[in-house]
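Enquirer: Once you know that position 25 of the sequence shown is 28 in our numbering, the rest is easy, because the numbers rise by one and skip nothing.
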Amino acid sequence: MRTPTSKAEQRQLDKELQLLGIEDKAPEEDAPIVFWDEHEAALNWWWQVQDLLRYNECVCMGLDVLAVKADSELSGREVSVEDYQKLRLIAHTVTELFNDKLTT
């Protein structure tokens, strides 16, 4: 729906909506995304390496772990095994979501 350009147009739209029995409600705000502090390091890492996903045509092949390793070494990032496992889980989930959209 386009946004009315004047107050008169808005009044006309409101009148038409009322005649149709449609309530004009303000959009509801989305709930904020909340995560535990223990996942912060992995999420920050993901936001920095999310462009290192590999693709074959339009199919997501997953995270390029060699590129992630090179990126972490060259940037001097301190990596824990636990954060790496969380990063892999995030990448796996994103890969599945991207590829599921291809089949629906």
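Glycine is no exception: its CB is placed at the ideal position from the N, C-alpha and C atoms. All values reported here derive from a predicted model rather than from experimental measurement.
On the three-pair Cβ rule with 8 Å, is the segment 22–40 touching the segment 63–79?
Expert: Because the criterion of three Cβ pairs below 8 Å is not met, the segment 22–40 and the segment 63–79 do not touch.
Enquirer: Is leucine 90 near tryptophan 48, with beta carbons less than 8 Å apart?
Expert: Counted from its first residue, the sequence shown places residue 90 at position 87. Counted from its first residue, the sequence shown places residue 48 at position 45. Their beta carbons are under 8 Å apart, which means leucine 90 touches tryptophan 48 by this criterion.
Enquirer: Take the Cβ of alanine 73 as the centre, count every other Cβ of all protein chains shown within 10 Å, and call the residue buried at 16 or more, exposed below.
Expert: The count along the sequence shown starts at 1 and reaches residue 73 at position 70. Alanine 73 is exposed by the Cβ-count criterion.
Enquirer: Are the CB atoms of alanine 94 and leucine 69 nearer to each other than 8 Å?
Expert: Locating residue 94 in the sequence shown gives position 91, counting from the first residue. Locating residue 69 in the sequence shown gives position 66, counting from the first residue. It is not a contact, given that the beta carbons lie outside the stated cut-off.
Enquirer: Here's a check: name, in chain order, each residue in its chain whose Cβ is nearer than 8 Å to the Cβ of valine 62, leaving out the five neighbours to either side.
Expert: Residue 62 sits at position 59 when you count from the first residue of the sequence shown. Excluding sequence neighbours, valine 62 sits near Asn102, Leu105.
Enquirer: Between which two residues does the beta strand (DSSP E) containing leucine 20 stretch?
Expert: Indexing the sequence shown from 1 puts residue 20 at position 17. Segment 10–22 is the alpha helix (DSSP H) holding leucine 20; no beta strand (DSSP E) there.
Enquirer: From glutamate 31 to glutamate 41, what does the alpha carbon distance come to, in whole angstroms?
Expert: Residue 31 sits at position 28 when you count from the first residue of the sequence shown. Residue 41 sits at position 38 when you count from the first residue of the sequence shown. C-alpha separation (whole angstroms): 30 Å.
Enquirer: Would you identify the three-state DSSP class for valine 82, choosing helix, strand or coil?
Expert: Against the sequence shown, residue 82 aligns to sequence position 79. Coil.
Enquirer: In three-state terms, what does DSSP make of valine 52?
Expert: Walking along the sequence shown from the start, residue 52 turns up at place 49. Helix, per DSSP.
Enquirer: State the CB to CB distance for the pair valine 71 and leucine 55, rounded to an integer number of angstroms; the pair is presumed to be in contact (CB under 8 Å).
Expert: Reading the sequence shown from its first residue, position 68 is the one you call residue 71. Reading the sequence shown from its first residue, position 52 is the one you call residue 55. Contact holds; Cβ gap of about 6 Å.
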